[in-house]
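Here the structure is laid out as structure tokens; the discussion comes afterwards.
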Amino acid sequence: MRRFLLLYATQQGQAKAIAEEICEKAFVHGFSADLHCISESDKYDLKTETAPLVVVVSTTGTGDPPDTARKFVKKIQDKALPVDFFAHLRYGLLGLGDSEYTYFCNGGKIIDKRLQELGAQHFYATGHADDCVGLELVVEPWIDGLWAALTKHFTSTRGKEEINGALQIASTASQRMDPVKPELSHIESRVELLRLADSGRRDSEVQEQNAMNRGQSSALIAESEPSLTHSVPPLSQASLNIPALPPEYLQVHLHEFLGQEESRASVTPVDPVFQVPISKAVQLTTDDAIKTTLLVELDISKTDFSYQPGDAFNVICPNSDSEVQHLLQRLRLTDRREHCVVLKVKGDTKKKGAALPQHIPEGRSLQFILTWCLEIRAVPKKAMLRALAEHAAGPDRRRLHELCSRQGAADYGRFVRDAHTGLLDLLLAFPSCQPPLALLLEHLPKLQPRPYSCASSNLSHPGKLHFVFNVVEFLSPTTMEVLRRGVCTGWLATVVASILRPDTQVSPAEGGPAPAPEISISPRTTGFFHLPSDPAAPVIMVGPGTGIAPFIGFLQHREKLQEQHPEGHFGAMWLFFGCRHKERDYLFREELRHFYKRGILTHLKVSFSRDAPVGEEEAPVKYVQDNMWLHSKQVARVLLQESGYIYVCGDAKNMAKDVNDTLVEIISKETGVEKLEAMKTLATLKEEKRYLQDIWS
Ligand SMILES: Cc1cc2nc3c(=O)[nH]c(=O)nc-3n(C[C@H](O)[C@H](O)[C@H](O)COP(=O)(O)OP(=O)(O)OC[C@H]3O[C@@H](n4cnc5c(N)ncnc54)[C@H](O)[C@@H]3O)c2cc1C
Ligand SMILES: NC(=O)c1ccc[n+]([C@@H]2O[C@H](COP(=O)([O-])OP(=O)(O)OC[C@H]3O[C@@H](n4cnc5c(N)ncnc54)[C@H](OP(=O)(O)O)[C@@H]3O)[C@@H](O)[C@H]2O)c1
Ligand SMILES: Cc1cc2nc3c(=O)[nH]c(=O)nc-3n(C[C@H](O)[C@H](O)[C@H](O)COP(=O)(O)O)c2cc1C
Numbered sequence: 001m002r003r004f005l006l007l008y009a010t011q012q013g014q015a016k017a018i019a020e021e022i023c024e025k026a027f028v029h030g031f032s033a034d035l036h037c038i039s040e041s042d043k044y045d046l047k048t049e050t051a052p053l054v055v056v057v058s059t060t061g062t063g064d065p066p067d068t069a070r071k072f073v074k075k076i077q078d079k080a081l082p083v084d085f086f087a088h089l090r091y092g093l094l095g096l097g098d099s100e101y102t103y104f105c106n107g108g109k110i111i112d113k114r115l116q117e118l119g120a121q122h123f124y125a126t127g128h129a130d131d132c133v134g135l136e137l138v139v140e141p142w143i144d145g146l147w148a149a150l151t152k153h154f155t156s157t158r159g160k161e162e163i164n165g166a167l168q169i170a171s172t173a174s175q176r177m178d179p180v181k182p183e184l185s186h187i188e189s190r191v192e193l194l195r196l197a198d199s200g201r202r203d204s205e206v207q208e209q210n211a212m213n214r215g216q217s218s219a220l221i222a223e224s225e226p227s228l229t230h231s232v233p234p235l236s237q238a239s240l241n242i243p244a245l246p247p248e249y250l251q252v253h254l255h256e257f258l259g260q261e262e263s264r265a266s267v268t269p270v271d272p273v274f275q276v277p278i279s280k281a282v283q284l285t286t287d288d289a290i291k292t293t294l295l296v297e298l299d300i301s302k303t304d305f306s307y308q309p310g311d312a313f314n315v316i317c318p319n320s321d322s323e324v325q326h327l328l329q330r331l332r333l334t335d336r337r338e339h340c341v342v343l344k345v346k347g348d349t350k351k352k353g354a355a356l357p358q359h360i361p362e363g364r365s366l367q368f369i370l371t372w373c374l375e376i377r378a379v380p381k382k383a384m385l386r387a388l389a390e391h392a393a394g395p396d397r398r399r400l401h402e403l404c405s406r407q408g409a410a411d412y413g414r415f416v417r418d419a420h421t422g423l424l425d426l427l428l429a430f431p432s433c434q435p436p437l438a439l440l441l442e443h444l445p446k447l448q449p450r451p452y453s454c455a456s457s458n459l460s461h462p463g464k465l466h467f468v469f470n471v472v473e474f475l476s477p478t479t480m481e482v483l484r485r486g487v488c489t490g491w492l493a494t495v496v497a498s499i500l501r502p503d504t505q506v507s508p509a510e511g512g513p514a515p516a517p518e519i520s521i522s523p524r525t526t527g528f529f530h531l532p533s534d535p536a537a538p539v540i541m542v543g544p545g546t547g548i549a550p551f552i553g554f555l556q557h558r559e560k561l562q563e564q565h566p567e568g569h570f571g572a573m574w575l576f577f578g579c580r581h582k583e584r585d586y587l588f589r590e591e592l593r594h595f596y597k598r599g600i601l602t603h604l605k606v607s608f609s610r611d612a613p614v615g616e617e618e619a620p621v622k623y624v625q626d627n628m629w630l631h632s633k634q635v636a637r638v639l640l641q642e643s644g645y646i647y648v649c650g651d652a653k654n655m656a657k658d659v660n661d662t663l664v665e666i667i668s669k670e671t672g673v674e675k676l677e678a679m680k681t682l683a684t685l686k687e688e689k690r691y692l693q694d695i696w697s
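Take full-length UniProt numbering: the final residue in the sequence shown is number 697, and no numbers are missing along the way.
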């Protein structure tokens, strides 16, 4: 069989799932994929690899490759490598990203660029899939085209590889192949796609069609609008191309035992985990503010946890207890929730490279696994819908087939992806669906810890760590009346409820301090968002809303440094902060005034986006970037003449992009150059690490 090497680099599991899909489909197309996580460097060697290489890589952080690819990237970025180091390699790369982030698919782009620089050549054009609009829009055609590209590669290199070896191919520049473009080589495999309209379909499918017709005739009368559970023509009458059923690979046993104390620390065995008490919790916003912002203080004095202002750290959080109980109930497993889950890979599985999921620890109870290990709110991928359909009947089954079919792509986008529909929502919406536990364990991704920026300095708060967050709230996709909270922020809000006090109240609530609840945290190793090493360099900080968090740490740090070195030369510090209402969500108002009075903060520019102008007053500026524009001259001077630094923190979706555009305009106006030239200047600032972003959507 024609072999290729298949590597994936994932942060949250999607790249891995896609690589596994490629691996399974490869077999059907007459190829054999050698599948590995890119971090398993002992299992492959690109230097001597003669087979074509396929890489699926996502992006994390601010345009970074996933943590699992860090070592790989470091290795290939070694400047001592010769330009023909990978000249023998032929590869195809699928990048995953989200266009809401500034550096779209940058993890893939970094690897792609470096492989090219080292002489590797594409046998198949790179795909960039966008999670913002649905990865499948690019992933599906990219995978479809891969087989033709691989076939072309093997046809044109057959013999040469075997006879001459890989290095000889590399030395023959004239043998360069034009990479196949995914959209040109789109081939539809009837083997991998089951056409429901085909003759000879199984009885259950015929029944399903009948049930669908029955369901349809009544639905046509009742509803003309599509919904999660209901489709309208032409989809409701279409023959469907649905994906092949993902092979089952886990065998689950529930044993009635439990002895061991259930520690959540074992959930993330890779990073050190610290269990720390919450020593303080303060509500920074008034009760009538649009969002509720909380500050939490952690007591890290009895741990080895250390941080610098600008660092972020992970909070290990559980799923909502009521959702876990609801799920157990719906799965008819409530009475077995304390049972110990024992997993084995099915001996007869057709899944290639099947292995036990690393994020599900051994010997834990079912309730523990659903609470601490699986993202039960994750939006189900089409493969999961396909698997769920096998355990549903009648119109439910048909609708689940529609939602994972090619024809139902728009409905999937609208009612599943964009509506953030989770597994529990689906199970409630499709009552006939009764999946086995194994299906959930095979398909639900790892529950990720949530990162938060440190909002304090260890110099001013020794042994303490502060962070600030909004309690995320949204309406449930299926029952719009139900308000849901974010997994982590909703849980944190509950955890701190007993010790929470308003911002105005300085000492703990009357009646003595309540016992301090504990949470688990772990360090993040990607710290880059730090104050300049030269304290004389001027600094501009842009952080609306909770984006102000790291800058409070910067300012506290600078205050202590100035106290310790009264003769020292310290550069100007500008802060552009924005919130909605001066009297409701002006976070750290008193602390900022204190820094300003003491001359730590030399310029404080605040905008209120929803306050009406008072009396005859001129319309106040709305957003941080409007204030930056008002101070264009000073901003340009700091960055272009005084070798200063600009830091942006907060929302990636709109704010960071708009601030970036404003900076381009400021540079263009103040230096009299065209926009393109101004963009280049900004890019240089980024390269010099004088324009730093810590952004998130
Ligand atoms: C490096 C870094 C630093 C960060 N620092 C901070 C910080 O200092 N402060 C801070 O507040 N945040 C910070 N974040 C973001 C933080 O990690 C979390 O993502 C955030 O707190 C939300 O977590 P959650 O678990 O409560 O929400 P989740 O449950 O993960 O929900 C995530 C988002 O999806 C949306 N959503 C989910 N389900 C639905 C639905 N059904 N309908 C509509 N919308 C839905 C919500 O609006 C929400 O914003 C940071 C992120 C990074 C990467
Ligand atoms: N290190 C990090 O990566 C980090 C740290 C902290 C927070 N965060 C993330 O950053 C986000 C901040 O949320 P938040 O509620 O605190 O603040 P927010 O929702 O961004 O709102 C803060 C202010 O910004 C305004 N705003 C809206 N659109 C804007 C735009 N295009 N340009 C400039 N300002 C704009 C808002 O005004 P209107 O609403 O009136 O339009 C409001 O006045 C969250 O998603 C949080 O998770 C990330
Ligand atoms: C914390 C975080 C940071 C991200 N940063 C970026 C980014 O900078 N650029 C980008 O294109 N996509 C970014 N993404 C989007 C992911 O790359 C995208 O959702 C991808 O499908 C995730 O694949 P994975 O599950 O294999 O990690 C980010 C996602 C998260 C959760």
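Virtual Cβ for every residue (Gly too), placed ideally from N, Cα, C. Quick caveat, the model's predicted, so the values are computed rather than measured.
- Let me know if residue 42 comes out buried or exposed under the rule of 16 or more other beta-carbons within 10 Å of its beta-carbon. Here residue 42 is taken as the residue at index 42 of the sequence shown, counted from 1. So residue 42 counts as exposed.
Exercise. From the DSSP output, in three-state form, read off residue 688 for me.
Key: On the sequence shown, position 688 is the one that residue 688 refers to. Reduced to three states, the DSSP call for residue 688 is coil.
- Task: Taking only heavy atoms of ligand 1 into account, decide whether any of them is closer than 7 Å to the Cβ of residue 456.
- Result: Counted from its first residue, the sequence shown places residue 456 at position 456. Annotation for residue 456 indicates a beta carbon at 7 Å or more from all heavy atoms of ligand 1.
With DSSP as the reference, label residue 671 as helix, strand or coil.
-> Along the sequence shown, one-based indexing puts residue 671 at 671. Here residue 671 sits in helix by DSSP.
How would the residue list near ligand 3 read, in chain order, if you kept each one whose beta-carbon is closer than 6 Å to any heavy atom?
The answer, residue by residue, is 10, 11, 12, 13, 14, 15, 58, 59, 60, 61, 62, 63, 66, 96, 97, 98, 101, 103, 104, 105, 106, 131 and 135.
Does the Cβ of residue 384 have 16 or more other Cβ atoms within 10 Å, making it buried, or fewer, making it exposed?
Residue numbering aside, residue 384 sits at position 384 when the sequence shown is read from its first letter. Answer is buried; the Cβ neighbour count reaches 16.
Backbone CA spacing between residue 653 and residue 659 [nearest angstrom]
Here the question's residue 653 lines up with position 653 in the sequence shown. Here the question's residue 659 lines up with position 659 in the sequence shown. Residue 653 and residue 659 have their C-alpha atoms roughly 11 Å apart.
Report the start-end ranges of each alpha helix (DSSP H) in the UniProt domain "Flavodoxin-like" (4-147) that is 4 residues or longer and not cut off at the edges.
With a minimum length of 4 residues, the continuous alpha helix (DSSP H) runs that stay inside the UniProt domain "Flavodoxin-like" (4-147) are 14-28, 70-76 and 106-117.
Item to complete: Tell me the start and end of each unbroken alpha helix (DSSP H) in the region 385-443 that is at least 4 residues and wholly inside, in chain order.
Response: Here the runs fully enclosed are 394-404, 423-429 and 437-443.
Pick out the complete beta strand (DSSP E) segments inside the region 265-308, 3 residues or longer, and give them in chain order. Secondary structure remark: continuous beta strand (DSSP E) runs of at least 3 residues inside the region 265-308, in chain order: 274-283 and 293-299.
Give a yes or no on whether the minimum CB-CB distance between residue 669 and chain D is below 8 Å. Among the chains in the structure shown there is no chain D, since it carries only a single protein chain.
Going by the DSSP bridge assignment, what does residue 251 pair with across the sheet? Position 251 of the sequence shown, counted from the first residue, corresponds to residue 251. The partner list for residue 251 (beta bridge, DSSP) reads 344.
Next item on the list: Using a threshold of 8 Å, state whether the C-beta atoms of residue 280 and residue 585 are closer than that.
Entry: The residue labelled residue 280 in the question sits at position 280 within the sequence shown. The residue labelled residue 585 in the question sits at position 585 within the sequence shown. No. Outside cutoff.
Closer than 7 Å: is that where the CB of residue 133 sits relative to any heavy atom of ligand 1?
-> Here residue 133 is taken as the residue at index 133 of the sequence shown, counted from 1. No, Cβ of residue 133 sits at least 7 Å from all heavy atoms of ligand 1.
| task | Could you please give the first and the last residue of the uninterrupted beta strand (DSSP E) stretch that includes residue 473? | result | If you number the sequence shown from 1, residue 473 lands on position 473. From DSSP, the beta strand (DSSP E) with residue 473 extends over 473-475.
> Which term fits residue 624, buried or exposed, when burial requires 16 or more other beta carbons within 10 angstroms of its beta carbon?
Replying inline: Numbered from 1 along the sequence shown, position 624 holds the residue referred to as residue 624. Residue 624 comes out buried.
Next on the checklist: I believe residue 85 touches residue 53 by the beta-carbon criterion, under 8 Å. Please report the beta-carbon distance rounded to the nearest angstrom.
Outcome noted: Looking up residue 85 in the sequence shown gives position 85. Looking up residue 53 in the sequence shown gives position 53. Rounded, the Cβ-Cβ distance is 14 Å, inconsistent with contact.
Validate contact between the region 531-550 and the region 431-450 using beta carbons, cut 8 Å, 3 pairs | Segments in contact, no.
**Q.** Simplified DSSP assignment, three categories, for residue 528
**A.** Here residue 528 is taken as the residue at index 528 of the sequence shown, counted from 1. Three-state DSSP puts residue 528 in coil, outside helix and strand.
- Task: Examine ligand 1 and report whether any of its heavy atoms sits within less than 7 Å of the Cβ of residue 342.
- Result: Mapped onto the sequence shown, residue 342 falls at position 342. Ligand 1 never approaches residue 342 closely enough for any of its heavy atoms to be under 7 Å from the residue's Cβ.
Just to confirm, does residue 546 get its C-beta within under 7 Å of one of the non-hydrogen atoms of ligand 2? Along the sequence shown, read from residue 1 onward, the residue named residue 546 stands at position 546. It does: the Cβ of residue 546 is within 7 Å (strictly closer) of some heavy atom of ligand 2.
Notebook entry, point to check: Can residue 474 be considered in contact with ligand 1, in the sense that its beta carbon sits closer than 7 Å to one or more heavy atoms?
Noted result: Taking the sequence shown and counting its residues from 1, the one referred to as residue 474 is at position 474. Answer for residue 474: yes, Cβ within range of ligand 1.
Chain-order list of residues whose beta-carbon lies under 7 Å from that of residue 308 (same chain, five-residue window excluded):
Here residue 308 refers to the residue found at position 308 when the sequence shown is read from its first residue. Taking residue 308 as the centre and dropping the five residues before and after it, the same chain places the C-beta of 527 and 530 closer than 7 Å to its C-beta, in chain order.
Let's test the definition: count the other Cβ atoms within 10 Å of the Cβ of residue 136 and tell me whether it reaches 16, buried, or not, exposed.
Here residue 136 is taken as the residue at index 136 of the sequence shown, counted from 1. Buried is the call here.
Just to confirm my understanding: we take residue 545, look at its own chain, exclude 5 residues before and 5 after, and list those with CB closer than 6 Å. What are they? In the sequence shown, residue 545 corresponds to position 545, counting from 1. Excluding the 5 residues flanking it on each side, residue 545 has same chain C-beta neighbours closer than 6 Å at 650, in chain order.
Start-to-end residues for the alpha helix (DSSP H) that takes in residue 558 = The sequence position of residue 558 within the sequence shown is 558, counting from 1. Its alpha helix (DSSP H) spans residues 549-564.
Considering only their Cβ atoms, is the gap separating residue 39 from residue 68 smaller than 8 Å? Counting from 1 along the sequence shown, the entry for residue 68 is found at position 68. Counting from 1 along the sequence shown, the entry for residue 39 is found at position 39. In this structure, residue 39 lies closer than 8 Å to residue 68 by Cβ.
*Using 8 Å as the threshold, is the region 343-358 in touch with the region 565-574, meaning 3 or more CB pairs across them?*
Flag = no, the region 343-358 and the region 565-574 do not touch.
Open item on the list: By the three-class DSSP mapping on this structure, what secondary structure does residue 595 have?
Closed with: Here the question's residue 595 lines up with position 595 in the sequence shown. Correct three-state label for residue 595: helix.
- Integer-rounded CB distance, given that residue 467 should sit under 8 Å from residue 489: The count along the sequence shown starts at 1 and reaches residue 489 at position 489. The count along the sequence shown starts at 1 and reaches residue 467 at position 467. Under the criterion of beta carbons closer than 8 Å, residue 489 and residue 467 do not qualify as touching, at roughly 11 Å.
Pair every Cβ in the region 454-466 with every Cβ in the region 547-567, then say whether three or more of these pairs are closer than 8 Å.
Contact between the region 454-466 and the region 547-567 is present: three or more C-beta pairs spanning the two stretches fall below 8 Å.
Spatially closest choice to residue 146 from 131, 132 and 122, by CA coordinates:
The residue you call residue 146 lines up with position 146 of the sequence shown. Check the Cα spacing between residue 146 and each of 131, 132 and 122: the tightest is with 122.
To the nearest angstrom, how far is the alpha carbon of residue 661 from that of residue 695? For the purposes of this step, residue 661 is taken as residue 661 along the sequence shown, with counting starting at 1. For the purposes of this step, residue 695 is taken as residue 695 along the sequence shown, with counting starting at 1. Distance between the alpha carbons of residue 661 and residue 695: 15 Å.
Note to self: Could you tell me the alpha carbon to alpha carbon distance between residue 606 and residue 58, rounded to whole angstroms?
What the structure shows: Position 606 of the sequence shown, counting from 1, holds the residue named residue 606. Position 58 of the sequence shown, counting from 1, holds the residue named residue 58. Computed Cα separation, rounded: 36 Å.
In terms of residue numbering, what span does the beta strand (DSSP E) encompassing residue 711 cover?
The requested residue 711 is not part of the displayed model; the chain covers only 1 to 697.
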